[in-house]
Amino acid sequence: MRRINGTALIIAALVVTVGALAFPVWSYADRSGTGQANLNASSVATQWGPLSATDRDLLVKVRLAGLWELPAGQQAIERAPSQAIKECGDHLVVGHTDLDKRARDVAAKLGVELPNQPNEQQQGWLRELSAATGQEYEQKFANLLRNAHGKVFALIAQVRHTTRNTLIRQLASDANQTVLDHITMLEATGMVDFDALANEAAGTTTASPTGPPPPNGNLPPAPDALAPSGNDTFTSRPSTQPGAPTAINTDRPAPGTDP
């Protein structure tokens with residue numbers, strides 16, 4: 001009897017131990033609310049690959065961008081006092097005309113419903129631009145559009161990295177080129193307030209920044225500040241990078257103004 005009782009106790013203990021070890025694995029595999037579960041729940045099958053909620057969000061955002069940036073670009077061509085803003089407007093019109101067509105074609109194939117007018121915030125931006133004139137108009141144009149492009153740029157990168165749908169992947173590639181071109185043109189005007197962009201982004205970030213510590217002040221001199229040696233002659237050349245800042249000639253009137 002004692003042997004039977006001892007054996008029963010050992011078997012019971014083994015069953016409890018195995019159950020305790022297996023429960024975390026079983027509960028994790030079947031629990032809801034995980035990222036993988038949410039991805040699967042939000043995705044639908046298509047002949048071009050699974051279409052996730054983030055994929056559909058990109059389609060809507062690209063369509064919305066065209067719905068307000070096309071009229072904003074056309075307005076800039078007609079109203080902007082400077083040639084730099086007029087050129088931005090031209091890039092917006094050309095870029096979003098093509099990108100909007102691509103987005104509508106992809107949406108039709110995937111069965112995604114798209115909006116037909118800008119959202120309330122975008123309509124407000126258009127009203128702001130319509131009410132402004134002169135330098136105020138140009139500053140609003142450059143900063144409203146640069147901020148909007150920067151936000152959709154982040155979504156494009158995320159979708160391009162993670163999508164499993166070939167149509168969405170190609171649209172993200174096309175959108176990346178178009179949005180980067182517009183960002184570059186807007187920054188080349190010299191009117192973008194980068195401090196405001198950084199401060200707004202910092203206000204929505206809760207994670208602590210990572211990376212190397214800040215410099216201690218003992219930085220090497222900039223290349224242009226190095227003294228020439230021997231017979232070497234150093235010539236300053238303008239940057240060839242798109243959107244690079246250039247020196248402002250204060251003796252020359254601003255583009256689009258009377259001398």
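In the UniProt record's numbering, the protein residues as written are 1 to 259. In this text, a Cβ means the ideal position worked out from N, Cα and C, and glycines have one as well.
Requested in this report: Give me whichever residues DSSP pairs with leucine 51 in a beta bridge.
Outcome: Val44
Report task. Tell me where the alpha helix (DSSP H) around arginine 169 begins and ends. Result -> 166-188
Query - Burial state of threonine 204 (16 or more Cβ within 10 Å) - result: exposed
Query raised in the report: Under a three-way DSSP split, which group does proline 71 fall into?
Result: helix
Requested in this report: Excluding the 5 residues preceding and the 5 following glycine 230 in the sequence, name in chain order all residues of the same chain whose CB lies nearer than 7 angstroms to its CB.
Outcome: Residue placement at glycine 230 cannot be trusted, given a pLDDT of 47 that sits under 50; what the coordinates show is reported in the next sentence. Contacts found: none.
Query - Element boundaries [alpha helix (DSSP H), containing aspartate 98] - result: 83-110
Query raised in the report: Is alanine 108 near valine 62, with beta carbons less than 8 angstroms apart?
Result: no
Query - Of the listed residues Gln47, Ala188, Arg160, Ser52, nearest to glycine 35 (C-alpha basis) - result: Ser52
Query raised in the report: Taking the Cβ atom as the reference point for each residue, do valine 159 and valine 179 lie within a distance shorter than 8 angstroms?
Result: no
Query raised in the report: Shortest alpha-carbon distance to proline 71 belongs to which of Gly111, Cys88, His161?
Result: Cys88
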